[in-house]
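Note sheet for the following structure.
Chains as they are written, first to last, in the working numbering: chain A, -15 to 57; chain B, 4 to 151.
Right, dumping it as structure tokens:
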């Protein structure tokens, strides 16, 4: 199982799901109507490192974080 | 060094302390940038969420970039509410000569705005409203929404 956490303004509790790569996470979230407005604009981190490929492998216990658009300062 | 505070920054204390801590390290230039909340659009203040693990690794990457140039970076940011005319952000570069610090403060602050995992909210009429229109997707965003 991997944990999906939603950062900042995404008002959503963490999810756990079975996934062997980010592709599985993408498929699961595309079917989630709450997430539709966020997927196009979120960056993704696995275990707190930003990633750039849907082929990023996931292992049991991994944490996937979704980071919506930022504005510090 | 990265410092996070609950609420507004104590700007005089932070700037003075950084100055004192670096004053004997032979830097010729100390260039701070202070971000202060302005009264506009009827806001009472701003509020911030910070995701510390990725903010720390982003900051450490900048420290590594600064080191070969002989420069040192400092940054302080608020979490939670910061009211109008209070300050939420300080970045500073110390360098042997001014040119490195002047160029780095601009590049650092711009990358901070585009990449640092911090979310801003307007405090207005007792509500906390995500400043979506003023926010920037981090480079590489949209991965999970890609159509294949």
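Yeah, the Cβ is synthetic: ideal placement off N, Cα and C, and Gly gets one too. Keep in mind it's a predicted model, so treat the numbers as computed, not measured.
For this session: Measure from the C-beta of residue -2/A to each C-beta in chain B and report whether the shortest distance is under 8 Å.
Result: For the purposes of this step, residue -2/A is identified with residue 14 of the first chain, where counting begins at 1. No, residue -2/A lies away from the interface with chain B (no Cβ there is under 8 Å from its Cβ).
For this session: State yes or no: is the beta carbon of residue 88/B nearer than 8 Å to at least one beta carbon in chain A?
Result: In the second chain, the residue the question calls residue 88/B occupies position 85. Judged by the 8 Å Cβ criterion, residue 88/B is not in contact with chain A.
For this session: Taking residue 104/B as the reference, give the member of 131/B, 68/B, 120/B with the closest Cα.
Result: Taking the first residue of the second chain as position 1, residue 104/B is located at position 101. It is 68/B whose Cα lies nearest to the Cα of residue 104/B.
Exercise. Residue 130/B lies in the beta strand (DSSP E); which residues open and close that run?
Worked result: Working through the second chain from its first residue, we reach residue 130/B at position 127. First-last of the beta strand (DSSP E) with residue 130/B: 130 to 133.
Exercise. Candidates 71/B, 55/B, 83/B: which alpha carbon is nearest residue 132/B's?
Worked result: Taking the first residue of the second chain as 1, we reach residue 132/B at position 129. For the residues 71/B, 55/B, 83/B, the minimum Cα distance to residue 132/B belongs to 83/B.
For this session: Leaving aside the five residues before and after residue 43/B along the sequence, list all residues of the same chain whose C-beta is less than 7 Å from its C-beta, in chain order.
Result: Start at 1 with the first residue of the second chain, and residue 43/B comes out as number 40. Nothing meets the Cβ criterion.
Exercise. Do the stretch 141 to 150 of chain B and the stretch 16 to 30 of chain A touch if we need at least three Cβ pairs shorter than 8 Å?
Worked result: yes
For this session: Compare the C-beta of residue 115/B with all C-beta atoms of chain A and state if any pair is closer than 8 Å.
Result: In the second chain, residue 115/B corresponds to position 112, counting from 1. Cβ-Cβ to chain A under 8 Å: yes for residue 115/B.
Problem set entry | Near-chain B residues of the stretch 25 to 37 of chain A (beta-carbon distance less than 8 Å), N- to C-terminal order | 25, 26, 27, 28, 29, 32, 33, 34, 35, 36, 37
Problem set entry | CB contact check: residue 139/B to chain A, cutoff 8 Å | The residue given as residue 139/B occupies position 136 in the second chain. For residue 139/B, the answer is yes, since a Cβ of chain A falls inside 8 Å of its Cβ.
For this session: Under the assumption that residue 13/A contacts residue 141/B (Cβ atoms under 8 Å), give the Cβ distance between them as a whole number of angstroms.
Result: As a working note, residue 13/A is residue 29 in the first chain. As a working note, residue 141/B is residue 138 in the second chain. That belief does not hold up - the Cβ atoms of residue 13/A and residue 141/B are roughly 17 Å apart, past 8 Å.
Problem set entry | Where residue 31/B falls, given that 16 or more other Cβ within 10 Å makes a residue buried | Within the second chain, numbered from 1, the residue matching residue 31/B stands at position 28. Burial call: exposed.
Exercise. How would you list, in chain order, the residues of chain A whose beta-carbon sits under 8 Å from the beta-carbon of residue 60/B?
Worked result: For this step, residue 60/B is matched to residue 57 along the second chain. Within chain A, the residues near residue 60/B are 32, 33.
Exercise. Would you say residue 123/B reaches chain A, if we count a Cβ-Cβ gap shorter than 8 Å as a contact?
Worked result: By one-based count along the second chain, residue 123/B stands at place 120. Yes, residue 123/B counts as interfacial toward chain A.
Exercise. Should residue -8/A be flagged as near chain B, meaning a C-beta pair shorter than 8 Å?
Worked result: The sequence position of residue -8/A within the first chain is 8, counting from 1. Yes, residue -8/A lies at the interface with chain B (some Cβ there is under 8 Å from its Cβ).
Problem set entry | Beta-carbon contacts of residue 73/B that lie in its chain and below 8 Å, excluding the five residues immediately before and after | Start at 1 with the first residue of the second chain, and residue 73/B comes out as number 70. So the qualifying residues of the chain are 98, 99, 103.
Exercise. Could you give the C-beta distance for residue 57/B and residue 78/B, rounded to a whole number, given that I count them as a contact under 8 Å?
Worked result: Taking the second chain and counting its residues from 1, one reaches residue 57/B at position 54. Taking the second chain and counting its residues from 1, one reaches residue 78/B at position 75. Not a contact, Cβ separation roughly 14 Å.
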